[in-house]
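Some notes on the structure that comes next.
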Amino acid sequence: MIKNLNWFALLTRSNFEQTVYTNIVKKNIDAFLPKIKQKSIRKDRNLMIEKPLFPGYIFVKSTFEPVYQLQILKTTGAVRLLGNQSGPMAIPPSQIESLKIMTSTSMDLITGANIRLKKGDPVMIINGPMAGAKGEFIHHKGKGRVFIKIDVLGQYAGVEVDENNVEKLPDFLS
-5 MIKNLNWFAL LTRSNFEQTV YTNIVKKNID AFLPKIKQKS IRKDRNLMIE KPLFPGYIFV
55 KSTFEPVYQL QILKTTGAVR LLGNQSGPMA IPPSQIESLK IMTSTSMDLI TGANIRLKKG
115 DPVMIINGPM AGAKGEFIHH KGKGRVFIKI DVLGQYAGVE VDENNVEKLP DFLS
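Sequential numbering from -5 applies to the sequence shown in this note's numbering.
Dropping the structure here:
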């Protein structure tokens, strides 16, 4: 029995969240992939599809011991455990429990443009040619457009995008 288990955020390759989750669970490692139902507008119809709440991330329960973390990182599609110079950073179990409660209810979760962004909020572009880019919310431009500041190699670039293509990142992912 492994003791001192903590939750960690695992960065995955783009669109590999479900694959990584399935393979980690097959290794008998506790994992959590929060999903939400989102309307997907197609040319001929609207669909409700399940998408990861945090694109590119799943949560895994492990120890700080490198041998167990290596087992996670050897999973196809896994990139790295989020942390700093001293190693991966644990996520409080209360936050994971809150996510489990939020995603298990049948209530609609408010994400994306429905959340009022404030200057300085960390955001991620989720659709369009810049999907996956992370930046900082600057201001609303009007007519459904927002201005985002993106750090690229130490240089900052301002980008104007549709507010439906932007989601606020939680503090522990920014």
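Glycine residues also receive a C-beta, built at the ideal position from the N, C-alpha and C atoms. These numbers were taken from a predicted model, which means no experiment stands behind them.
Assess contact between the region 52 to 65 and the region 1 to 17, defined as three or more Cβ pairs (one per stretch) separated by less than 8 Å. Is contact present?
Contact holds: three or more Cβ-Cβ distances are below 8 Å.
Rounded separation between glutamate 154 and isoleucine 35 - CA only
Their Cα atoms are separated by approximately 22 Å.
Cα separation between lysine 68 and phenylalanine 26?
Their Cα atoms are separated by approximately 18 Å.
If distances are taken between C-alpha atoms only, which option among Gly126, Met118, Met83 comes closest to leucine -1?
Residue Met83 is the option with its Cα nearest to leucine -1.
Closest to serine 92 by CA distance: which of Lys113, Pro28, Val117, Arg139 is it?
Measuring from the Cα of serine 92, the nearest candidate turns out to be Pro28.
Tell me which residue opens and which closes the beta strand (DSSP E) that histidine 118 is part of.
Reading the sequence as shown, one finds methionine at residue 118 and not histidine. Taken as a continuous stretch (DSSP letters only), the beta strand (DSSP E) holding methionine 118 covers 116 to 119.
Which residue from Arg74, Asn17, Asp156 puts its Cα closest to that of histidine 133?
Per the Cα distances, Asp156.
Threonine 70 by DSSP, collapsed to three states: which one?
Look at threonine 70 here: in three-state DSSP terms it is coil, with no helix or strand label.
For methionine 96, count neighbouring C-beta atoms within 10 Å of its own C-beta (all shown protein chains included) and say buried if the count is 16 or more, exposed if not.
Answer is exposed; the Cβ neighbour count stays below 16.
Have a look at the DSSP bridge pairing and note the partners of phenylalanine 53.
Answer by DSSP bridge pairing, in chain order: Ala3, Phe26.
What does lysine 143 pair with, by DSSP beta-bridge criteria?
In the DSSP output, where bridge partners are listed per residue, lysine 143 has Glu130, Gly152.
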